[in-house]
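The structure under discussion appears below in the form of structure tokens.
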Amino acid sequence: MSSDIRITPSILNADLDHLDSEIAKIASVSDFIHLDVMDNVFVPNFTFDFDRASEIIAACPIGIDAHLMVANVDTIAPLYAQAGSASVTIHAEATEDIARTLRAIRKAGARSGLAIKPNTSIDSYASFADDVDMFLIMTVEPGFGGQSFMTNMMSKVAATKKIIGDRPIWLQVDGGISLETIELAVEAGADTFVAGSAVFRASDPAQMVVSLRELATRVAN
Ligand code: DX5
Ligand code: ZN
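The UniProt record's numbering applies: residue 1 is where the sequence shown begins, and numbers increase by one.
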């Protein structure tokens with residue numbers, strides 16, 4: 001998959017007991033699989049520990065986009081890269097030393113991502129752009145799939161796009177992305193889209209990924 005638009009389905013709302021077959025439904029039409037790691041500390045929900053996440057990363061037929069919603073993320077983040085993730089995203093709110101951790105992720109062979117929650121401003125993080133391969137602007141409060149897209153985050157997406165300028169940094173949005181909302185996010189400047197419930201609650205998940213990509217590509221061009 002190579003295009004300026006990337007669709008990264010989240011398996012948070014997939015059938016976790018049959019993950020291989022759930023991923024198989026969408027792998028050939030997706031850029032990455034988005035893996036939401038939650039520790040019940042940074043967010044009020046738990047998904048996978050590192051061992052289970054490593055198994056998923058190892059078994060996945062396409063690259064994993066790991067989104068770490070865990071406290072004290074600095075030590076564990078490079079391990080997700082070493083485990084074979086294509087991309088590892090940390091939350092600015094959960095790290096002691098953003099630059100050091102982003103560099104450690106890259107050194108371990110993955111793309112580095114920096115995420116911020118809805119109440120966090122992007123302004124203080126512009127200075128990390130040289131160490132970032134992807135900014136993630138959350139368009140819901142992290143913790144659960146199936147929440148409503150926060151339209152008021154679009155000004156933050158636009159501000160982040162400005163910070164990125166000509167740099168080859170991807171701009172991801174996560175939360176509430178669907179055929180109804182993706183257009184707004186593209187217009188604000190996003191190019192990388194997480195979609196969980198829109199994909200896995202669709203009667204044809206692969207077709208939904210294709211439709212999201214087509215719509216986003218049309219709006220972007
Ligand atoms: C929320 C997660 C999202 C979520 C997206 O904390 O980071 O990735 O699974 O799911 P939807 O698309 O249903 O909002
Ligand atoms: Zn996520």
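The C-beta atom is built at its ideal place from N, Cα and C for all residues, glycine as well.
Can you tell me which of Ala-24, Ser-178, Ala-77 and Asn-221 puts its alpha carbon nearest to the alpha carbon of Thr-95?
Selected option, being the one with the closest Cα: Ala-77.
Neighbour-count burial assignment, Gln-207, 16 or more Cβ in a 10 Å radius:
Its Cβ having fewer than 16 others within 10 Å, Gln-207 is exposed.
Using the C-alpha atoms, what's the distance from Asp-36 back to Phe-50?
Approximately 12 Å, taken between the alpha carbons.
Tell me the start and end of each unbroken beta strand (DSSP E) in the stretch 170-221 that is at least 3 residues and wholly inside, in chain order.
You should have 170-174 and 192-195.
Taking all protein chains shown into account, do 16 or more other C-beta atoms lie within 10 angstroms of the C-beta of Phe-46, making it buried, or fewer, making it exposed?
Phe-46 counts as exposed, since fewer than 16 other C-beta atoms from the protein chains shown sit within 10 angstroms of its C-beta.
Under the criterion of a Cβ to heavy atom distance below 7 Å, does His-34 qualify as lining ligand 1?
Result yes, Cβ under 7 Å from ligand 1.
Which word fits Glu-214, buried or exposed, when buried means at least 16 other C-beta atoms lie within 10 angstroms of its C-beta?
Under this definition Glu-214 is an exposed residue.
Between Val-173 and ligand 1, is the CB less than 7 Å from at least one heavy atom?
For Val-173, the distance from the CB to the nearest heavy atom of ligand 1 is not below 7 Å.
Is it buried or exposed for Ser-2, if we count other Cβ within 10 angstroms and need 16 for buried?
Confidence at Ser-2 is low in this model, with a pLDDT of 42, below 50, so the placement of that residue should be treated as unreliable; the coordinate-derived value is given next. By the Cβ neighbour-count rule, Ser-2 is exposed, with fewer than 16 other Cβ atoms within 10 Å of its own.
Comparing the CB of Val-194 with every heavy atom of ligand 2, is any distance shorter than 7 Å?
Yes, the beta carbon of Val-194 sits closer than 7 Å to at least one heavy atom of ligand 2.
Return the chain-ordered ranges of every alpha helix (DSSP H) run that is complete within the stretch 7-74 and spans a minimum of 4 residues.
19-26 and 50-59, all fully within the stretch 7-74.
Ligand 1 heavy atom lying under 7 Å from the CB of Leu-102
It does not: the Cβ of Leu-102 is nowhere closer than 7 Å to a heavy atom of ligand 1.
Please list the segments of the beta strand (DSSP E) lying wholly inside the stretch 69-128, counting only runs of 3 or more residues, in order along the chain.
The stretch 69-128 contains these whole beta strand (DSSP E) runs: 87-91 and 111-116.
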